[in-house]
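Residue numbers are given in the working numbering: position 262 of the sequence shown equals residue 276, and the series is strictly consecutive.
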Amino acid sequence: MAGLNHKDMNSNNKYVLLKDIITKGPISRIELSKTTGLSKMTVTAIVNEYIKKDIIWECSEAKSTGGRKRTNLDVSNVSLLTMGIYIGRDFLQIGIINLKGQILQTENISLKEIKSNEMLIDSIFMLSDKLIQSRYKDNIWGIGVSCAGPLLVSDGIILNPPDFNNVHELNIVEILKNRYNLPVYLQNDMCVAALAEVYFGENREIDNFIYIGISSGIGGGVIINKKLFTGSSGLAGIIGHSIVEMNGIPCECGQRGCLEKYSSTRAVTKWVKEQGGGDLSWIELLNKAAKEDKICLKAIERMADYLGVAICNMQSAYDTDCFIIGGDLNSYQDMVIDRLKDKMQKSSFFNERKNKVQLKPSTFMASASFIGTVALVMENNLTNY
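This is how it looks when you write it as structure tokens:
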């Protein structure tokens, strides 16, 4: 994203420059001028303002190319901190995270006993109250909330996610704003995970990609030109509810044959049980697959088959550069991705573009939807700061 040299675009320029320092730093002023398209004068003015506010600092001396010595800039470890809130199906995680994506302090609890909106809010308050009183409290500039969908993001409401402990129609943004008097932003957990890849992932140079998160459900986040694309109603990238089997297994969404019913961790363990492989947890299943258990290996292959169908559908729709696979695959990401690559290599659709479409593992294990809350706040908050 390029900056604009215009007095009325100062907020946009500040965002563009700070994002480049976060994602490309340490970086010199000259390099910032080149990467953002901003004039040297504009870069100098914004950098001086950020240094004065202790948001960035001169961290090292850049390599000399002749002439005047240059200094590198980087973001502060303790400025513009985010209170990140990840509401999963099984646990709640809340913490303080800096602009580098580093978790400075965190608390989490199981949500197995949560049975209502009120119980969830009480749990969030219990952990958040503790963190908001920490030594970092004066540097928290926003709250990012990452949660399974469906959500009404524009109104800050958690609607009715399936298998979500009776939590529904919860205006989480208004509740948190009223209690902590801070800006609050809500987004689908997989969209937040995609933002984590843009800001802190190992493949930050990729401009366009689709993040696919595999857990007890399946979700996706679409990145176009390094920006999150959610569509006109916020539903772009809901790969878990793309149809992969006509007249297939009924889904809670009202459709039949949704990917989530075939390739989510819950669906795979259920299939193994139905095939006589035992009542296994997801980790137990992966461990047995790694030991060449026939039923568990077949389950992974079947999972990859259906994921491959969905990926082909998404590629047809978005013509993206890359798919990043993450979620609860843990150390078995490579196993699943290798299976997917095998299936894709047999597809004439992908063979025609095999040198262009990439399939990569997520930089993160299961923490992307939490760490990405930093990027969520950054994307929304800087223009108001």
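No residue lacks a Cβ here, since even glycine has one placed at the ideal position from N, Cα and C. Every value quoted in this text rests on a predicted model; they were computed, and no experiment measured them.
Pick helix, strand or coil for residue i, following the three-state DSSP scheme.
| i | result |
| --- | --- |
| LYS66 | helix |
| SER220 | The identity of residue 220 in the sequence shown is Ile, whereas the question assumes Ser. Coil at ILE220, not helix or strand. |
| PHE243 | strand |
| SER334 | Checking the sequence shown, residue 334 turns out to be Thr, not Ser. Coil at THR334, not helix or strand. |
| VAL258 | coil |
| LEU96 | Per the sequence shown, the amino acid found at residue 96 is Thr instead of Leu. Strand. |
| ILE186 | helix |
| SER53 | coil |
| GLY322 | helix |
| VAL181 | coil |
| ASN202 | strand |
| SER148 | coil |
| LEU294 | coil |
| ASN122 | strand |
| LEU106 | strand |
Considering only their Cβ atoms, is the gap separating residue j from residue i smaller than 8 Å?
| i | j | result |
| --- | --- | --- |
| VAL89 | ILE70 | yes |
| VAL206 | SER383 | yes |
| SER278 | GLY231 | yes |
| VAL323 | TYR213 | no |
| VAL391 | GLY115 | no |
| ASN202 | GLY245 | no |
| ILE257 | GLY271 | yes |
| ARG84 | SER42 | yes |
| GLY386 | GLY227 | no |
| LYS144 | GLU127 | no |
| GLY215 | THR377 | yes |
Applying the criterion that 16 or more other CB atoms from any shown protein chain within 10 Å of the CB defines a buried residue, is residue i buried or exposed?
| i | result |
| --- | --- |
| GLY290 | exposed |
| PHE105 | exposed |
| ARG149 | exposed |
| ASP342 | buried |
| GLU211 | buried |
| ALA331 | exposed |
| SER53 | exposed |
| MET140 | exposed |
| SER142 | buried |
| LEU209 | buried |
| PRO264 | exposed |
| LEU249 | exposed |
Please report the straight-line C-alpha distance between residue i and residue j, rounded to a whole angstrom.
| i | j | result |
| --- | --- | --- |
| ILE338 | PHE223 | 7 Å |
| LEU242 | VAL236 | 6 Å |
| HIS182 | ILE146 | 26 Å |
| LYS355 | LEU373 | 7 Å |
| ILE123 | SER229 | 18 Å |
| MET23 | VAL30 | 11 Å |
| ILE4 | ILE108 | Residue 4 is absent from the model: the chain starts at 15 and stops at 399. |
| LEU87 | SER74 | 7 Å |
| LEU273 | HIS255 | 6 Å |
| ILE351 | ILE325 | 12 Å |
| THR49 | ILE60 | 15 Å |
| LEU190 | VAL198 | 7 Å |
| ASP221 | THR37 | 13 Å |
| ASP348 | PRO375 | 7 Å |
| PHE178 | SER247 | 22 Å |
| GLU259 | ARG280 | 17 Å |
| LEU165 | MET55 | 42 Å |
| ARG103 | LEU125 | 7 Å |
Look up residue i in the DSSP assignment and give the residues it is bridged to.
| i | result |
| --- | --- |
| ARG270 | PRO264 |
| PRO375 | ILE339 |
| ILE237 | PHE223 and LEU242 |
| VAL89 | ILE70 |
| ILE111 | THR96 and ILE117 |
| CYS161 | ILE101 and ASN202 |
Answer yes or no: the CB of residue i versus the heavy atoms of the ligand FMN, is any distance below 7 Å?
| i | result |
| --- | --- |
| THR387 | Looking at this structure, you won't find the ligand FMN or any other ligand, since it has none at all. |
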